[in-house]
Amino acid sequence: MILKTFELNKIEDSAVFYLVYGKNEGLKTECINKILSKNDIKVFNYDEKQIRDEIETFYENILSNSLFESSKTIIINRASDKIFETIKNLVDRNLNNIKIIINAGILDTKSKLRSLFEKNKDLICIPTYPDNNNTLSKLAAVFFRKEKISISQQSINLIVEKCGGDRNNLNNELNKIKDYSVEKKQITSEQISKLVNLSENYALSELIDHCLAKNINKTINILSENNYNSDECIIILRTFLSKAKRILKLAIEFEKNKDINKTINSAKPPIFWKDKDIIKIQLDKWKPTKIKELISGINDAELNIKKNYSNSVLIITNFILQKSRS
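Count along the sequence shown from 1, then add 278; that gives the number in our numbering.
Shown next, in the form of structure tokens:
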């Protein structure tokens, strides 16, 4: 059964199989999060290749009933027609107490997987098409109004043009601007131009995520593959500060309930499913007292950069490497 993305609220809780496919990664992420938000249950993530390489383990997880897991959700990422037989097998078993979400890329009209979901009224098929610039522009305008950031339509157009019809790219750019404009009520077209052109580098979000996860090798790789300049250093620190504050809030909640899945699933704003695994690692690495020290260190580093602007790249590089190791 085919559903449009805005019809997700019509889905009954009894639905088991979902196919979310298309090029719009941001819209797919939103759809998957809406499906997950209906139930606070254990989520397992697989890649299609992982399932094919470990098919017996996969079936065991699907079919086993644990006393501690009355229900669960399986997300299969990077899916294609290569997994058709496995999914068909599971559909024929009439599974209960489980949801299976298949996250696929572009599937043409001859796709066996797509045809299976479109023709069966018990299976949910959700195509996600690229957003047009008008849709992205409206989303951006709503975001800036909510954050009380003054920005021209010309600047919004510039941001939208960089997003390639994907609201995931738009969200990345908007959050980058939000982090940069913490102390500003208005942002200029020149500043916007510098910020959106940073998308050509490794995502700043990914750099900070691996630093907070204390993945020193990945952090070094990202730093070595990019040539950050002095103007970008403040943006990096603002992104760092924003993520550190989010982790602090989650860490405090985690200390109260001692349940990492409940902490992440109940977070506001919601955490995208693809970010949940690395956030679990971050929560394992950082306790509230240490995060508070980190936030203080970020503020000191920003002050140091403002005083020693010519050495800003060296300051930010040393700071990130230190936090990746400590």
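All C-beta atoms in this analysis are idealised placements derived from N, C-alpha and C, irrespective of residue type, glycine included.
A residue is called buried when at least 16 other Cβ atoms come within 10 angstroms of its Cβ; F395 meets this threshold and is buried.
Spatial neighbours of T406 in its own chain (CB-CB distance under 8 angstroms, excluding positions within 5 residues in sequence) are listed in chain order as T283, V298, Y299, G300, K301, N302, L305, K306, C309. Contact fails between the region 386 to 404 and the region 435 to 446, because fewer than three Cβ pairs, one in each stretch, are under 8 angstroms apart. Beta-bridge pairing by DSSP links F322 to I352. Scanning L485, N539, I538, L526 for the CA closest to the CA of I513 turns up L485.
The way I'd put it, the region 584 to 592 doesn't touch the region 490 to 503; fewer than three beta-carbon pairs between them come closer than 8 angstroms. The DSSP assignment places complete alpha helix (DSSP H) segments of no fewer than 4 residues inside the region 482 to 562 at 482 to 490, 494 to 502, 508 to 535, 538 to 543, in order along the chain.
Here A357 is buried, its C-beta having at least 16 other C-beta atoms within 10 Å. Nearest to S292 by C-alpha distance, out of T351, L519, K397, Q431, is T351. With a beta-carbon spacing of about 19 angstroms, L341 and F362 fall beyond the 8 angstroms limit used to define contacts.
Approximately 7 angstroms separates the beta-carbon atoms of K523 and I573; this is inside 8 angstroms, confirming the contact. T541 sits buried, since 16 or more C-beta atoms from the chains shown fall within 10 Å of its C-beta. If you compare the alpha carbons of N577, C489, L581 with that of S602, the shortest gap goes to C489. Distance from the CA of K316 to the CA of N596, rounded to the nearest whole angstrom, comes to 43 angstroms. D359 is the residue among N507, L414, I557, D359 whose C-alpha sits nearest the C-alpha of D386. Closest in alpha carbon position to K565, among I378, L473, I525, S430, is I525.
Distance from the CA of F532 to the CA of F422, rounded to the nearest whole angstrom, comes to 31 angstroms. DSSP, reduced to helix, strand and coil, places T466 outside both helices and strands of the structure shown, so it counts as coil. Checking the DSSP bridge columns, you'll see G575 has no partner listed. If you check the CB distance, I470 and L436 come in under 7 angstroms.
Excluding sequence positions up to five before and after A418, its CB lies within less than 7 angstroms of the CB of I434, I437, V438, L448, L452, all in the same chain and listed in chain order. In chain order, L286 place their CB closer than 7 angstroms to the CB of K312, counting only its own chain and leaving out the 5 sequence neighbours on each side.
Within a 10 Å sphere around the beta-carbon of I530 sit fewer than 16 other beta-carbons, which makes this residue exposed. Annotated three-state conformation of V591 is helix, per DSSP.
Counting only runs of 3+ residues, the beta strand (DSSP E) found wholly inside the region 289 to 316 occupies 295 to 300, in chain order.
In this structure, the straight-line span from the alpha carbon of K426 to that of I594 is close to 29 angstroms. When beta bridges are read from the DSSP output, T406 appears opposite G300.
Collapsing the DSSP output to three states places I378 in a strand. If you look at D370, you'll find it in the alpha helix (DSSP H) that goes 362 to 370.
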